[in-house]
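Residue numbers (UniProt numbering): 1 to 261.
Working notes, beginning with the structure itself.
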Amino acid sequence: MDHLGGLAMRKFVLALNNKIGYECARVILNKGYCPDAVILHPRNKGNYVDEILSILPNHVKIWFWSHPGSNAFYEELSGVKCEVLLSVNFGYLFSGEFLSKFAFPLNLHTSLLPYNRGANPNVWSIYEGTPAGVTLHRMTESIDDGEIYSQIDVPVDQCDTGKSLYEKLGNACKILIDGEMENILLGKLKPLVSMDNSLGTYHSREDFRNMLEIDTKKTVVVGDFIKKLRAFTFPPYKNLYFQENGRRYYVEVVISEEPKE
């Protein structure tokens, strides 16, 4: 263990992906905490992999996720002897055997759990009108399950799109990590509540894909359609589309509020 003000700090492993994973890693390193190892997506399946690698000290062990069930992987993991696993925007599901290697397997999820477990929580908070926020929780074999340790509510404005809400959630993640990283490493986290998934919602990547084609002949409530446009607008990605004469046309929306006098 390392020490902070005479107190023993737990050694930790980070599992990172995407811009939010990168930015949270920057916060952690800027606070003077350094992981013993970092797990990343394979280069051809990850985002911000090079950016994450560029800020890590040379002595940090790097694992690219491939087949974690192999004996060689577990031998390396056992050699690191870390108590804490902190996952931020990591896209692969950890097995129970993998999680059992850590006393404190934690995940920072970009939703206000138990709402919007699973994929694309920024989209569903807008489209379904569910609460938005970020949650630090204990990982289990189930998706976005386990005891909740810390949460930050993020308000959703009428001008928000999937992209702008994603950015707001990213900022909330940085704030949460900045405030809780010392508690994580000193073992001072206290559960706020056990997860009650019956009160929340879950969405898969398939749910997202099934929403993308617009039926131009379907009668819709205008307010609901505006929510859909907002939720799936995430430039430069092209999400919503309709088809005409065998061609696909992409749709996004820009909403601005009238200036206050």
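C-beta: ideal position from N, C-alpha, C; glycine also.
Just so it is clear, the structure is predicted and the values come from calculations on it, not from any experiment.
Any chain B beta carbon closer than 8 Å to G200: Among the chains of the structure shown, chain B does not appear; only one protein chain is present.
Per DSSP, the bridge partner or partners of R117: As a position in the sequence shown, residue 117 is number 117, starting the count at 1. DSSP lists Y202 as partners of R117.
Beta-carbon gap between N122 and N17 smaller than 8 Å: The residue labelled residue 122 in the question sits at position 122 within the sequence shown. The residue labelled residue 17 in the question sits at position 17 within the sequence shown. No, the Cβ-Cβ distance between N122 and N17 is not below 8 Å.
Pair within 8 Å by beta-carbon distance, L110 and L169: Within the sequence shown, residue 110 is the residue found at index 110, counting from 1. Within the sequence shown, residue 169 is the residue found at index 169, counting from 1. According to the sequence shown, residue 110 is Thr rather than Leu. Yes, the Cβ-Cβ distance between T110 and L169 is below 8 Å.
Extent of the continuous alpha helix (DSSP H) to which F98 belongs: Counting from 1 along the sequence shown, the entry for residue 98 is found at position 98. Segment 96–99, the alpha helix (DSSP H) holding F98.
DSSP three-state assignment for N245, whether helix, strand or coil: As a working note, residue 245 is residue 245 in the sequence shown. Looking at N245 - three-state DSSP - the assignment turns out to be coil, as it is neither helix nor strand.
Which of helix, strand or coil DSSP assigns to R209: Your numbering for residue 209 matches position 209 in the sequence shown. Note: R209 maps to helix in three-state DSSP.
Start-to-end residues for the alpha helix (DSSP H) that takes in G133: One-based indexing of the sequence shown puts residue 133 at position 133. Unbroken run through G133 is the beta strand (DSSP E), 133–138; no alpha helix (DSSP H).
Coarse secondary structure for Y33, derived from DSSP in three states: What you label residue 33 is simply residue 33 of the sequence shown in a count that begins at 1. Correct three-state label for Y33: coil.
Opening and closing residue of the beta strand (DSSP E) in which D50 lies: Within the sequence shown, residue 50 is the residue found at index 50, counting from 1. D50 -> not in any beta strand (DSSP E); alpha helix (DSSP H) instead, spanning 49–55.
V154 versus A172: straight-line alpha-carbon distance, rounded: Locating residue 154 in the sequence shown gives position 154, where the first residue counts as 1. Locating residue 172 in the sequence shown gives position 172, where the first residue counts as 1. Going by the C-alpha atoms only, they are around 7 Å apart.
Minimum C-alpha distance to E97 - residue among P235, G200, N44, S78: Taking the first residue of the sequence shown as 1, we reach residue 97 at position 97. Out of P235, G200, N44, S78, S78 has the C-alpha closest to the C-alpha of E97.
Within 8 Å, strictly: CB atoms of E147 and H137: Position 147 of the sequence shown, counted from the first residue, corresponds to residue 147. Position 137 of the sequence shown, counted from the first residue, corresponds to residue 137. Contact flag set, yes.
Unbroken alpha helix (DSSP H) run spanning N183, endpoints: Within the sequence shown, residue 183 is the residue found at index 183, counting from 1. Start and end: 162–186.
V38 versus L86, N107, V220, residue with shortest Cα-Cα distance: Position 38 of the sequence shown holds residue 38. Selected option, being the one with the closest Cα: L86.
Where H203 falls, given that 16 or more other Cβ within 10 Å makes a residue buried: Here residue 203 refers to the residue found at position 203 when the sequence shown is read from its first residue. Label assigned to H203: buried.
Among G179, A132, F12, nearest to S150 - alpha-carbon criterion: Walking along the sequence shown from the start, residue 150 turns up at place 150. Per the Cα distances, G179.
Residue environment, K228, which counts as buried when at least 16 other CB atoms sit within 10 Å: Mapped onto the sequence shown, residue 228 falls at position 228. K228 is buried by the Cβ-count criterion.
Same chain only: Cβ atoms within 6 Å of F234, ignoring 5 sequence neighbours per side: Looking up residue 234 in the sequence shown gives position 234. So the list reads G162, K163, once near-sequence residues are dropped.
Which residues DSSP lists as bridging H109, in chain order: Taking the sequence shown and counting its residues from 1, the one referred to as residue 109 is at position 109. In DSSP, H109 forms a bridge with T135.
Cβ neighbour criterion (16 or more within 10 Å) applied to C24: Residue numbering aside, residue 24 sits at position 24 when the sequence shown is read from its first letter. Buried: at least 16 other Cβ atoms inside 10 Å.
Residues of its chain near I28, where Cβ-Cβ distance is below 7 Å and the 5 sequence neighbours each way are ignored: Position 28 of the sequence shown, counting from 1, holds the residue named residue 28. Excluding sequence neighbours, I28 sits near I177, M181.
V28 - DSSP class collapsed to helix/strand/coil: Within the sequence shown, the letter at position 28 stands for residue 28. Note on residue identity: the sequence assigns Ile, not Val, to residue 28. DSSP places I28 in helix when its eight states are reduced to three.
Spatial neighbours of L113 in its chain, beta-carbon cut-off 8 Å, leaving aside the 5 residues before and after: As a first step, residue 113 must be located in the sequence shown, where it is residue number 113. Same-chain partners within the cutoff: T135, H137, D144, I148, Q151, M195, G200.
Closest by C-alpha distance to K218, when choosing among F242, A119, K238: Working through the sequence shown from its first residue, we reach residue 218 at position 218. Of the candidates F242, A119, K238, the one whose C-alpha sits nearest the C-alpha of K218 is F242.
Other residues of its chain near I62: CB distance less than 6 Å, five sequence neighbours each side excluded: Here residue 62 refers to the residue found at position 62 of the sequence shown. Leaving aside the five residues that flank I62 on each side, the residues in its chain whose CB is nearer than 6 Å to its CB run, in chain order, V38.
T140 versus F104, N210, R205, residue with shortest Cα-Cα distance: Position 140 of the sequence shown, counted from the first residue, corresponds to residue 140. The candidate whose alpha carbon is nearest that of T140 is F104.
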